[in-house]
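The structure appears right after this line, and notes come after that.
Residue numbers (the numbering used here): 1 to 283.
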């Protein structure tokens, strides 16, 4: 029981390790750590596109931290230990300031033990690959509003002016519409150029004069920017009002935001069970 409490591993694994170590608790623990490390390495090749958002907000609402912790299945994403691990990492980022996942692996968690040691122990206990994909720490110009939708979408908003209700509305709106940036000035240049090229190719097919084509391109680009930036978007709770109007009406300003969507951009493996069975049959 003591070895199980130290490592968080199964009773049979602990019993086997103690037998091999001739009852030496320290040696048995070392054996389990070696084995859990090996298991973690083996699991590391599997796609981890599920997971949760971990969140921690400073008492002064001027700082906040958010992390994305991934696993292989939604079942594990609902595990209490897994969720607690995500939130504890966020708390570490908030107070420690580290925002690099590699650097974080060797940092000590508030409850003791390093991030990597806890990750490896969870991999051993749960049996799935677990990865810390990304972390962010926000130090606001104004103050921070935060929102996590379920456990899969997380938002931090840095805003000045207004009140707490406005901050919550902004964070919830961002979670719902998933904008790329606050305004056109914040959209990456390569994204704009790509959209311009697409609009130009479409407009060229119209066969209209060059001056008309140019206007069509600019119109299409303006429409795209209005859809993917926060300020021009219709407010989800009142589509007669844009976010820019909502913010201006309260004498406020949106300085920045961070949006995390679990698994975004990760190619999920699609299992072909029929093919697997056929392959096993041939074997």
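Glycine included, every Cβ here is placed at the ideal spot set by N, Cα and C.
DSSP beta-bridge partners of residue i
i           : result
residue 149 : 153
residue 110 : Answer is none; residue 110 lacks a bridge partner.
residue 50  : 71
residue 66  : 55 and 136
residue 158 : 144 and 256
residue 317 : Residue 317 falls outside the range modelled here, since the chain spans only 1 to 283, and no answer is possible.
Endpoints, the beta strand (DSSP E) within which residue i is located
i           : result
residue 138 : 131-139
residue 78  : It is not in any beta strand (DSSP E) - residue 78 carries neither H nor E in the DSSP assignment.
residue 253 : 253-261
Cβ-based burial, residue i [other Cβ within 10 Å; buried from 16]
i           : result
residue 141 : exposed
residue 248 : exposed
residue 270 : Its pLDDT being 48, under 50, residue 270 is placed unreliably by the model, and the measurement read from it follows with that caveat. By the 10 Å Cβ count, residue 270 comes out exposed.
residue 209 : exposed
residue 124 : buried
residue 54  : buried
residue 179 : buried
Per-residue DSSP class, three states only, for residue i
i           : result
residue 1   : coil
residue 241 : strand
residue 180 : coil
residue 100 : coil
residue 38  : A caution first: residue 38 carries a pLDDT of 44, below 50, which makes its placement in the model too unreliable to give a value.
residue 9   : coil
residue 286 : No statement about residue 286 is possible, as the shown extent of the chain runs from 1 to 283 and does not include it.
residue 264 : coil
residue 219 : helix
residue 26  : helix
residue 16  : helix
Backbone CA spacing between residue i and residue j [nearest angstrom]
i           : j           : result
residue 224 : residue 195 : 8 Å
residue 108 : residue 201 : 53 Å
residue 112 : residue 177 : 38 Å
residue 228 : residue 152 : 20 Å
residue 167 : residue 94  : 20 Å
residue 150 : residue 86  : 14 Å
residue 18  : residue 106 : 28 Å
residue 75  : residue 67  : 19 Å
residue 245 : residue 145 : 19 Å
Start and end residues, alpha helix (DSSP H) containing residue i
i           : result
residue 190 : 189-204
residue 236 : Where residue 236 is concerned, there is no enclosing alpha helix (DSSP H), given that its DSSP letter is neither H nor E.
residue 250 : That residue, residue 250, is in no alpha helix (DSSP H); it is neither H nor E in DSSP.
residue 125 : 115-126
Residue i CB to nearest heavy atom of the ligand FAD below 8 Å
i           : result
residue 135 : Summarising the ligand content, the structure contains no ligands, and the ligand FAD is consequently not present.
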